[in-house]
Amino acid sequence: MTVQPIRLFGDPVLRTPADPVVDFDAELRRLVADLTDTMREQNGAGLAAPQLGVSLRVFTFDVDDVLGHLINPVLEFPDEEEQDGPEGCLSIPGLYFDTKRRQNVIAKGFSSFGDPMQIVGTGLMARCVQHETDHLDGVLFVDRLDAAGRKEAMKAIRQAEWYDGSAPPTVKLSPHISDPFGLGR
Numbered sequence: 001m002t003v004q005p006i007r008l009f010g011d012p013v014l015r016t017p018a019d020p021v022v023d024f025d026a027e028l029r030r031l032v033a034d035l036t037d038t039m040r041e042q043n044g045a046g047l048a049a050p051q052l053g054v055s056l057r058v059f060t061f062d063v064d065d066v067l068g069h070l071i072n073p074v075l076e077f078p079d080e081e082e083q084d085g086p087e088g089c090l091s092i093p094g095l096y097f098d099t100k101r102r103q104n105v106i107a108k109g110f111s112s113f114g115d116p117m118q119i120v121g122t123g124l125m126a127r128c129v130q131h132e133t134d135h136l137d138g139v140l141f142v143d144r145l146d147a148a149g150r151k152e153a154m155k156a157i158r159q160a161e162w163y164d165g166s167a168p169p170t171v172k173l174s175p176h177i178s179d180p181f182g183l184g185r
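If you read the sequence shown in UniProt numbering, its first letter stands for residue 1, the second for the next number, and so on.
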């Protein structure tokens, strides 16, 4: 178990859809432990494997004293209720923007041992699960902002001390633009 460096905005791994996990082995459990240690060291609510440069569908979370992980998540939304509030990302450090998400989510997937799991989340847990699952799809929270919000986010990213400017920052439109909450997934 080791704290790992977090990939920052601009790293191509953050824009690449992650591969499904097929081997539920000791290496996967080490990845989950590294994700957990890194997330906790950074005081994050969640961390996805691509943020450590690993293109696998795995994320960890630590929300409201609930610590866990989910592998190969599939999201369902039991209703149309929305939330709108500040959201940040360890790969876009120090920046927060109001982001619309669904208020309630049911996430189905597996444990690191391959056992079926389900997370029923509301509020911050729902936001975290949606945010981390987006990472697994190559989507960043700034992609979900409206045009004015994306423009503001890009300006802030270009001005951020951590942004090295080696590649022009790009924001892609969410693949769920006509379906802003991913209901078509």
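The C-beta atom is built at its ideal place from N, Cα and C for all residues, glycine as well.
query: From which residue to which residue does the beta strand (DSSP E) around residue 95 run?
result: 92-102
message: Does residue 149 come out as helix, strand or coil in the three-state DSSP assignment?
response: helix
- prompt: What's the C-alpha gap between residue 179 and residue 18?
  reply: Note on residue 179: pLDDT 41, under 50, position unreliable in the model; no value is reported.
- request: Label residue 20 either buried or exposed according to how many other C-beta atoms from any shown protein chain fall within 10 Å of its C-beta, with 16 as the threshold for buried.
  value: exposed
field: Outcome for residue 41 when other beta-carbon atoms lying within 10 angstroms are tallied against a minimum of 16
entry: exposed
query: If we ignore side chains and look at the alpha-carbon of each, how far apart do residue 104 and residue 158 end up?
result: 33 Å
- prompt: So, helix, strand or coil for residue 12, using DSSP?
  reply: helix
message: I need the boundaries of the beta strand (DSSP E) containing residue 187, first residue and last residue.
response: For residue 187 there is no data in the structure shown, the boundaries of the chain being 1 and 185.
message: On a Cα-Cα basis, can you pick out the residue from 82, 75 and 87 that is closest to residue 186?
response: The chain is shown only over 1 to 185; residue 186 falls outside these bounds and no answer can be derived.
- prompt: Are residue 160 and residue 95 closer than 8 Å when you measure CB to CB?
  reply: yes
- prompt: For the alpha helix (DSSP H) that residue 134 lies in, which residues bound it at each end?
  reply: 124-136
- prompt: Got a sec, what are the start and stop residues for the alpha helix (DSSP H) residue 27 sits in?
  reply: 26-41
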